[in-house]
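Peer 1: Numbering-wise, the numbering used here puts 3 at position 3 of the sequence shown, and it's gapless, one number per residue. All residues carry an ideal CB built from backbone N, CA and C; glycine is no exception. Take this structure first; my questions come after.
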Amino acid sequence: MVLLSRSQIFASPTWTSFLSIVIIIGLTIITRSSSASPSPTMIKNTPAYERRSVHDFVRRHGVWLNFRDLSSQTVGGQENYRFGSHMTYVIKTVGPDLYIDMPGKLMEWGECRYTFEGREYGCNERRFDYLKNEPVFTWVERHNGDICNGTIIGGYGYQGEELYICKFEFYDFFQNTFQTLLGHLVPRLGKCFSSWYTVERSSTEYKVLADSSYL
Ligand SMILES: *[C@@H]1O[C@H](CO)[C@@H](O)[C@H](O)[C@H]1NC(C)=O
């Protein structure tokens, strides 16, 4: 075995290539983390603003797709049934009257649902579009109708009122578990609305879907 002096070890080809690999990996990690986008399910526990006016915040549109492609759809909630746990996806459909564009949820098994004025509606027989997932999407905790910069516009209610995409934890006494219900936020009413077993449910505490690059 040949013994190398300290300077010879550092100058050896193996050491140099090892060092360059370490540098390359290091640089990759640094560049990736600086430009890394949070996954759509990431939760930011930023404190809620006390302001109620949605117009103080910058809102943006999403990209809506008219074809189903699981890899590009935005996951919203998760609902647990006796037959299993299922994701729900963000969709937008034409509401009960043609001037209303309602955000809703697509069940994993293809059923489309939304709520409007205290009722749950099915939307499979109507046109509905899927929200294209973007790596910048994040869920931000808010309450009482508040939104944040970068909130995604999910549709339009009465008199063109902007509706947003939200989700909340609903405690299901029958199964003794929490359900993450995906729904729509009506800032005027200060609540996020969704449904569980055909019954409309709402919450003043919710998370709103936003583009993290605006935060
Ligand atoms: C939201 O964005 C606007 C415009 O960029 C900015 O003036 C405002 O301070 C932001 N609000 C918050 C709470 O970050």
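(1) Spatial neighbours of L98 within its chain, please: C-beta separation below 8 Å, excluding the five flanking residues on both sides.
(2) Using DSSP with H/G/I as helix, E/B as strand and the rest coil, what is D172?
(3) Just the Cα atoms here: how many angstroms apart are P135 and Y158?
(4) Assess contact between the segment 113–123 and the segment 132–146, defined as three or more Cβ pairs (one per stretch) separated by less than 8 Å. Is contact present?
(5) Report all residues from its chain with a CB closer than 8 Å to the CB of I100; omit the five preceding and five following residues, and keep chain order.
(6) May I ask whether a heavy atom of ligand 1 can be found less than 7 Å away from the beta carbon of V136?
(7) Is the beta carbon of F168 less than 8 Å from the beta carbon of L189?
(8) Using 8 Å as the threshold, is the C-beta distance between T218 and L65 below it?
(9) Cβ-heavy atom distance between N80 and ligand 1 below 7 Å?
(10) Are the CB atoms of V54 and E162 nearer to each other than 8 Å?
(11) Can you tell which of P187, R82, Y164 and D146 has its C-alpha closest to the C-alpha of H61?
(12) Looking at C166 and Y206, is the spacing between their C-beta atoms short of 8 Å?
(13) Taking A210 and I152 to be in contact with their CB atoms under 8 Å, please state how far apart those CB atoms are, rounded to whole angstroms.
Peer 2: The answer reads as follows:
(1) none
(2) strand
(3) 31 Å
(4) no
(5) V94, F116, G155, Y156, G157 and Y158
(6) no
(7) no
(8) Lying before the first or after the last residue shown, residue 218 is absent from the chain, which here runs from 1 to 215.
(9) no
(10) yes
(11) Y164
(12) yes
(13) 6 Å
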